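Residue numbers (full-length UniProt numbering), protein chains in the order written: chain L, 1 to 482; chain W, 1 to 482.
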């Protein structure tokens, strides 16, 4: 005892001594009312200064773990519960509801493809952290802390950090949005925004309409909320409007979910013409639209395209979900919902009930980062680098991949379709053996189709590995095609 | 046009010029294909340097908002949607489900008591931000950023930031918890933890048992999840076990929710004896226990008391919800769920589906702050100050308040009960006119009772105002009592 104490670098030693002694008490090695060594003795036994021992004893006494008798020394206090109650053993799996079971079942991190060390992985569409301008993030933090550190660390508001709300409203106004009658709620990223909206909407028909394929997280969350998901085919310029209209004329939907500006996973940008037509249909059938603003900022070419919520003008039927996660830093969990002010009023209460509010530090860092004018500079650098990588990936696909369709007008990935009947799950098996993985496209489909597609995320793969990896996929695909 | 441009301090000017021009385009003041002034002309008109104008034009071109014709100049690009679609106007209130409506109805921030300027308010139980050690928080941030800034800003894991998970496990082990078969999930504070657990549990009986009164947020979330809430009376040393057993013998419950270590709102610490008895009952009736570790760290006296999850030993039936929100910084949205590893496995998937993960910055700052040994130092300072304030508040109550019971063994508030039939809502009306507000106790009751009680949060009230405020409440109470 005592002599086995080892110091860990970087933590105050008295805290470590205190924790060491506490552990002995909790484990029963030191018994209630047992006398502790004097501070001088213990200092020698543990080989730390006497002042350190004194500080540790003071701390233990404050926590009620030891008591001192004047002139006699320190003693271990009676631990409140040393006896254990009879064991309560439950079968938790049996106690899980269908939502929890489905969340686990659809959890790609648990059931997705795992890369072994050295594998070339095209599965990630997260930004490349080497591009992050850490210096500006640090500066934003220190700037903001200097202005109102105490405020940032105490409770904030469910609706969000006011300066950021105002800045994001301006930002959306510049995308052409008419803010009349609208309001903005800060969320823990896009995903919480979607979850809140789906949690608030009354379920009348139990059905949602969207593009097919679409964002896997959206399919997952729609199903978790008990919705039947109907997907509409994609064309080169966005959703197939004829098919959409046919379905709408036959069935009623509680809402629609669209990713018009940089569609995940196909990378297709919906044409301005289609946006108008789409909104006409939504108006005719009175369907609320959830617009996913995914990666709007990462298009590399073409003219400015306004989001659907801008096309909706004064109308209040579009709920816009925004986030800088993929554009800036995914670690900052900040997204927003821009929508009708009455809807936001209810979402705010739901948000408060569920998680009080989004991290104020994350919000204030993002705010100050934007205020300092870093977004433009960062985007310029990131776009240039991603565009270069995008073009390189595209060229490699053109050179080595026997695809039948290649889409992606920007962003951090390309979407590859092979001939009908092709099976990218089999392709993946083959490639995995050869040290390359990608995301099979079927997970993005609402109806179990899409076996002939795959998604290639290139943002975190080196140029050499992009070429090497695509070569391997291409060769394997050719083998399967013959 | 142009000459009305005004510079805001603290933002790069070229960004402001860019936004100014963008706004003119979005508003249609600048029309598609209209020629823009030369950079030299605009520099004079807007009274900024020519380089600034050049930077702004480059940015606008990159965003696809303007195009350049060699030798001719810059032109406004065709905005993708200038026509607005037919208006989609929805009645959102009609489209809200019962959960959203209930969340709004039970939202204390919307329907609570509002303080006018100058009012002495005892409604907050948030920590006093004047105690915050900002320097250590800044240091923790910079320390961590230096080690792995890129990692912190990219995606993290749903389960949490690994170093923090490990540290919190140690922390819980020191409270006497047997970690065998258990695991830990990081959440956005206590509230998200509770929401996740309630979202995962199968509803067999639709009923939950708890203390009466209890934490308002818990009542709200239990109801939002569709549970009927049965409250059991409190005694001076915790829940009334006879009453509990009676109810348990008559009715089945899906789970229990308890705040044993520093009960909100009564401030009562459940005795070690009662903890054991309580766990015996839970085992006999096979009821999962949700333990709220609220303010365990802010007791000022008495010996160390182990949480229920420690008393449960190897048993897996207790779900412990922890948070440093009230103890350290509420703005850092970090809490944790310590429970059976199979349960955590499902909660992790649910958390990922809903919000991907908790802010990594918040987690890493908390981690480094703890690692640097700041918690002990901070707690020593905070406890001393809150204890002083607590004793002062207690003395003021004893001197001026005609209460029949005064409880609170620590923490940041006291709970006052008056004679039966007394109405603290009427008292509040009177006090409000005289410039003092508090939280009427009925909101903490599961059954609409508790009209004779109130909660006094003292952490953010000055010593003078504590005395002045309690004097006013006491006098008004005496008037109502006669």
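The beta-carbon is built from N, C-alpha and C at its ideal position, and this holds for glycine as well.
None of these values were measured; they are calculated from a predicted model.
If distances are taken between C-alpha atoms only, which option among the options comes closest to residue i?
i                      : options                       : result
residue 145 of chain L : L/109, L/16 and L/361         : L/361
residue 333 of chain L : L/339, L/325 and L/199        : L/325
residue 453 of chain W : W/460, W/439, W/463 and W/459 : W/439
residue 307 of chain L : L/17, L/213 and L/173         : L/173
residue 401 of chain W : W/358, W/41, W/467 and W/330  : W/467
residue 299 of chain W : W/327, W/470 and W/434        : W/327
residue 199 of chain W : L/134, L/283, L/279 and L/224 : L/224
residue 395 of chain L : L/234, L/379 and L/414        : L/414
residue 351 of chain W : L/217, L/321 and L/412        : L/217
residue 57 of chain L  : L/44, L/38 and L/112          : L/38
residue 251 of chain L : L/204, L/422 and L/153        : L/204
residue 101 of chain L : W/348, W/407, W/406 and W/475 : W/348
residue 284 of chain L : L/317, L/294 and L/183        : L/317
residue 35 of chain L  : L/78, L/48 and L/59           : L/78
residue 293 of chain W : W/177, W/314, W/70 and W/108  : W/177
residue 355 of chain L : W/323, W/379, W/54 and W/117  : W/323
residue 155 of chain L : W/150, W/125, W/152 and W/458 : W/125
residue 388 of chain W : W/377, W/75, W/153 and W/412  : W/412
residue 290 of chain L : L/147, L/215, L/157 and L/115 : L/215
residue 49 of chain L  : L/12, L/472, L/269 and L/127  : L/12
residue 419 of chain W : W/410, W/434 and W/451        : W/451
residue 73 of chain L  : L/62, L/85, L/105 and L/40    : L/40
residue 427 of chain L : L/460, L/393 and L/472        : L/472
residue 127 of chain L : L/436, L/378 and L/433        : L/378
residue 180 of chain L : L/310, L/359, L/296 and L/481 : L/310
residue 358 of chain W : W/259, W/192 and W/116        : W/192
residue 276 of chain L : W/87, W/267, W/269 and W/240  : W/87
Tell me the residue span of the alpha helix (DSSP H) that contains residue i.
i                      : result
residue 51 of chain L  : 50-62
residue 464 of chain W : 463-481
residue 212 of chain L : Premise fails: residue 212 of chain L lies in the beta strand (DSSP E), 207-212, not in any alpha helix (DSSP H).
residue 192 of chain W : 189-200
residue 342 of chain L : 341-355
residue 311 of chain L : 308-311
residue 2 of chain L   : Counting along the chain, residue 2 of chain L falls outside any alpha helix (DSSP H), and DSSP gives it neither H nor E.
residue 364 of chain L : 360-371
Taking the beta strand (DSSP E) that residue i falls in, what are its first and last residues?
i                      : result
residue 492 of chain L : The question about residue 492 of chain L has no answer here: the residues shown for chain L are numbered 1 through 482.
residue 74 of chain W  : 73-76
residue 16 of chain L  : No beta strand (DSSP E) contains residue 16 of chain L, which is instead part of the alpha helix (DSSP H) from 13-26.
By Cβ distance, which residues of its chain are closer than 6 Å to residue i, with the 5 residues on each side in sequence left out?
i                      : result
residue 15 of chain L  : none
residue 5 of chain L   : 20 and 46
residue 207 of chain W : 228 and 253
What does a CB cutoff of less than 7 Å around residue i pick up in its chain, not counting 5 residues either side in sequence?
i                      : result
residue 136 of chain L : 369, 372 and 374
residue 445 of chain L : 212, 213 and 231
residue 64 of chain L  : 77
residue 185 of chain L : 159, 160, 336, 337, 344, 347, 348 and 351
residue 189 of chain L : 323, 325, 333, 334 and 335
Among residues of its own chain, excluding the 5 on either side of residue i, which ones have a beta-carbon nearer than 8 Å to its beta-carbon?
i                      : result
residue 448 of chain L : 442
residue 202 of chain L : 254
residue 365 of chain W : 137, 140, 141, 144 and 332
Provide the residue(s) that pair with residue i in DSSP beta bridges, ordered along the chain.
i                      : result
residue 322 of chain L : L/336
residue 35 of chain L  : L/75
residue 228 of chain L : L/207
residue 299 of chain L : L/410
residue 291 of chain W : W/258 and W/320
residue 69 of chain W  : W/73
residue 184 of chain W : W/338
residue 96 of chain L  : W/201
Tell me whether residue i counts as near the ligand HEM, meaning its Cβ is closer than 6 Å to at least one heavy atom of that ligand.
i                     : result
residue 26 of chain L : Ligands are entirely absent from the displayed structure, and the ligand HEM is therefore not among its contents.
Where in the region 232-273 of chain W do unbroken runs of the alpha helix (DSSP H), each at least 4 residues long, occur, reported from the N-terminal end onward?
-> 241-250
Curious, which full-length alpha helix (DSSP H) runs of at least 4 residues does the region 375-458 of chain W contain?
-> 424-433
Start-end ranges of the alpha helix (DSSP H) lying completely within the region 100-163 of chain L, minimum 4 residues = 108-111 and 134-153
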